[in-house]
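Mapping to the numbering used here: the sequence shown position 92 is 424, numbers consecutive. Backbone N, C-alpha and C fix where the C-beta goes; we use that ideal spot for every residue, glycine too. Inspection log for the structure reproduced underneath, given as structure tokens.
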Amino acid sequence: MSQRRAPVEIIRFDQVSLGYPSGIPVLYNINCSLYSSGFYFLTGASGAGKTSLLKLIYREVKPSKGVITVFGRDVASINSSELPQFRQRMGLVFQDCRLLPHLNALDNVALALRVAGMDLKRARTYGKELLHWVGLGEHFDFLPASLSDGQKQRVGIARAVITRPLLLLADEPTGNVDDRAAYKLMLLLEELNKIGTTVVVATHNRVLVESFSHPELHLARGELSINYSQGSHGDTAQNTHTRSKAV
Ligand SMILES: Nc1ncnc2c1ncn2[C@@H]1O[C@H](COP(=O)(O)OP(=O)(O)OP(=O)(O)O)[C@@H](O)[C@H]1O
Ligand SMILES: [Mg+2]
């Protein structure tokens with residue numbers, strides 16, 4: 333009989349606060365642990381700090397206070413030359429897509445595999461499979477400028493998942509697509525989760541949050557709370573401040 337591996341803590345926030353130099357504090361005293369193979373929604377009103385929290389995890393910004401540990405490493409100790417390697421185990425879906433403008437959809441997706449050393453032909457074969465999956469089988473050779481916002485977003489998702497990362501951080505990955513496409517993209521992320529990727533999806537879409545049973549990390553007034561009523565599938569998250577436990 334197969335046994336589920338015990339979850340390992342892969343992201344930990346200890347008393348983390350963030351304030352941008354030019355503005356008011358955004359996040360205040362966040363304490364939280366996320367575990368391997370979990371699937372988490374990250375919610376909160378516009379401006380609540382969802383993108384900022386994801387940026388803290390992939391070390392695009394540093395906290396003003398507190399310690400963030402990712403894959404067992406204090407992210408503040410990672411210097412800029414180590415960042416590419418640190419991020420190699422992550423798939424990032426950016427809210428603003430960030431596709432390379434001079435590469436077509438297929439090569440944007442295949443690039444991550446090329447960087448990991450795969451030959452062009454195989455990388456493009458995998459890239460085509462994924463573009464088909466996200467409904468862009470007819471758009472391999474389109475440059476980003478010729479794609480709609482929703483299509484760009486789907487290319488961004490394909491690019492982020494193609495390497496089967498250990499951790500996927502997806503910032504509003506379905507913000508520009510219709511409900512049907514959003515649902516299908518979520519199924520793709522669930523597939524990835526089932527084969528071992530920890531997934532964090534920042535979203536405003538209540539229908540998605542309520543359709544899929546996963547814990548919800550909710551940001552309001554700079555504080556994080558965790559709603560487990562969405563949670564099942566053995567997902568765990570722990571708010572280490574209140575020591576509340578997943579059910
Ligand atoms: N580089 C920055 N410099 C100063 N303030 C910033 C910066 N980036 C974000 N902020 C501020 O931090 C707050 C949180 O922004 P963030 O983008 O994290 O919110 P969000 O929850 O992702 O919002 P949305 O749902 O609109 O994407 C906002 O008040 C924003 O103005
Ligand atoms: Mg955002």
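For the options I489, I494, T530, the alpha carbon positioned closest to that of V425 is the one of I489. Listed in chain order, the beta strand (DSSP E) elements of length 3 or more contained wholly in the region 474-522 are 499-503.
Under the Cβ criterion (8 Å, minimum of three pairs), the region 418-432 counts as touching the region 486-501.
DSSP places N559 within a strand segment (E or B) once states are collapsed to three. Residue pairing from DSSP places H550 in a beta bridge opposite T375, S557. Not one heavy atom of ligand 2 sits closer than 7 Å to the Cβ of E523.
In this structure, the C-beta of T383 approaches ligand 1 to less than 7 Å from one of its heavy atoms. A contact is defined here as three or more CB-CB pairs under 8 Å, and the region 506-517 fails this definition with respect to the region 435-445. Closest in alpha carbon position to R553, among N361, G482, Y352, is N361. Excluding five sequence positions before and after L359, the CB atoms of its chain that fall closer than 7 Å to its own CB belong to V348, S349, L350, G381, S384, L385, G554, given in chain order.
Comparing alpha carbon positions, the residue from V340, E414, L374 closest to N559 is L374. Between ligand 1 and H550, a heavy atom-to-CB distance of less than 7 Å is absent. Beta-bridge annotation (DSSP): E341 is paired with Y367. Under the three-state reduction of DSSP, P416 is assigned to helix. For Q485, the shortest separation between its Cβ and any heavy atom of ligand 1 does not lie below 7 Å. Residue state for R405 is assigned as strand, using DSSP reduced to three classes. Closer than 7 Å to some heavy atom of ligand 2: that does not describe the Cβ of E392. Residues R391, F418 of the same chain have their beta carbon placed closer than 8 Å to that of I410, with the five preceding and five following residues left out of the count.
The region 525-542 and the region 479-489 do not touch, with fewer than 3 CB-CB distances between them shorter than 8 Å. Within the same chain, N525, V531, H546, D567 come within 6 Å of F371 by CB-CB distance, once the 5 residues on both sides are set aside. Taking a C-beta distance under 8 Å as the contact criterion, G355 and H550 do not qualify as a contact pair. When Cβ pairs closer than 8 Å are counted between the two stretches, the region 457-468 is seen to touch the region 439-446, the count reaching three or more. As the crow flies, the alpha-carbon of S478 is around 23 Å from that of A502. Rounded to whole angstroms, the separation of the alpha carbons of L517 and L540 is 11 Å. For A455, the three-state secondary structure derived from DSSP is helix.
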